[in-house]
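Our numbering numbers the first residue of the sequence shown as 17 and each following residue consecutively. Glycine residues also receive a C-beta, built at the ideal position from the N, C-alpha and C atoms. Working notes, beginning with the structure itself.
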Amino acid sequence: MSSTEGFSHYDPDQRRVLLETAARSIAQGLERHVPMDPQLSDYPPALCATRASFITLEIGHELRGCIGVLEACRPLIRDVAHNAFAAAFEDPRFPPLRAQEYPRLSIKVSVLSVPVPIDFASEADLVRQLKPGEDGLILRDARHRGTFLPSVWEQLPEPRDFLGHLKRKAGLPTDYWSDDIQVLRYGTESFGGPVP
Numbered sequence: 017m018s019s020t021e022g023f024s025h026y027d028p029d030q031r032r033v034l035l036e037t038a039a040r041s042i043a044q045g046l047e048r049h050v051p052m053d054p055q056l057s058d059y060p061p062a063l064c065a066t067r068a069s070f071i072t073l074e075i076g077h078e079l080r081g082c083i084g085v086l087e088a089c090r091p092l093i094r095d096v097a098h099n100a101f102a103a104a105f106e107d108p109r110f111p112p113l114r115a116q117e118y119p120r121l122s123i124k125v126s127v128l129s130v131p132v133p134i135d136f137a138s139e140a141d142l143v144r145q146l147k148p149g150e151d152g153l154i155l156r157d158a159r160h161r162g163t164f165l166p167s168v169w170e171q172l173p174e175p176r177d178f179l180g181h182l183k184r185k186a187g188l189p190t191d192y193w194s195d196d197i198q199v200l201r202y203g204t205e206s207f208g209g210p211v212p
């Protein structure tokens, strides 16, 4: 887990509720082809606060879907339900989840802190400021945009490689640089497990 100053932390019951909501939204998607729409009156205030989340699905440690938002736009409990459904059925990299895959799913919920711009004078300066294993990054340049969650550091532990692959994800060459590049960092609180 990585975090930033002022970032909320969720207790075990709240984590369980978020994971169960993700699983129930996927199950409802298999049955009715629509995500769950949680009623806010059923949940504590911490889960109804406006927050951004990503949902990552795996089967046997292999990615099966990952969808989320970078900017908080709805209550967290609804964001988790919507993104879980989207990760299962709308990730363009994968076919829609099949019913026989559901029992083998592992679900990870990542709740994002508010992204904060990084001030840097050059690419080398930016690379020096990166915190491996902790920073999630958003890169923007004109119409190009990409993000990596902090968990991506597990595959790309070197800051220069992390940044290069993020540029490629945003549709830019790995050696691209411009004075117009913007980079923001965020933390995540991540937790997960098998389908409850």
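Per-residue DSSP class, three states only, for residue i
i: residue 191; result: coil
i: residue 20; result: In this predicted model, residue 20 has a pLDDT of only 39, less than 50, meaning its place in the structure is not dependable enough to derive any value.
i: residue 197; result: coil
i: residue 180; result: helix
i: residue 133; result: strand
i: residue 139; result: helix
i: residue 27; result: coil
Beta-carbon proximity list for residue i, same chain, < 8 Å, skipping 5 on both sides
i: residue 82; result: 70, 71, 72, 73, 103 and 107
i: residue 35; result: 123, 125, 207, 208, 209 and 212
i: residue 32; result: 212
i: residue 132; result: 20, 200, 201 and 202
i: residue 161; result: 154, 155 and 186
i: residue 196; result: 157 and 158
In DSSP terms, what residue i is bridged to
i: residue 69; result: 127
i: residue 210; result: 122
i: residue 205; result: 127
Proximal residues to residue i (C-beta, below 6 Å), its chain only, five neighbours per side dropped
i: residue 97; result: 37, 41, 51, 52 and 54
i: residue 176; result: 143
i: residue 193; result: 139
i: residue 178; result: 172
Cβ-based neighbour list, residue i, same chain, cut-off 7 Å, excluding 5 preceding and 5 following
i: residue 39; result: 123, 211 and 212
i: residue 180; result: 190
i: residue 173; result: 148
i: residue 151; result: 166 and 201
i: residue 188; result: 157 and 160
Legend entry - Runs of alpha helix (DSSP H) lying entirely within the segment 33 to 117, each at least 4 residues, in chain order: 61 to 64 and 92 to 105
Legend entry - Runs of beta strand (DSSP E) wholly within the segment 148 to 172 (minimum 3 residues, chain order): 152 to 157 and 160 to 164
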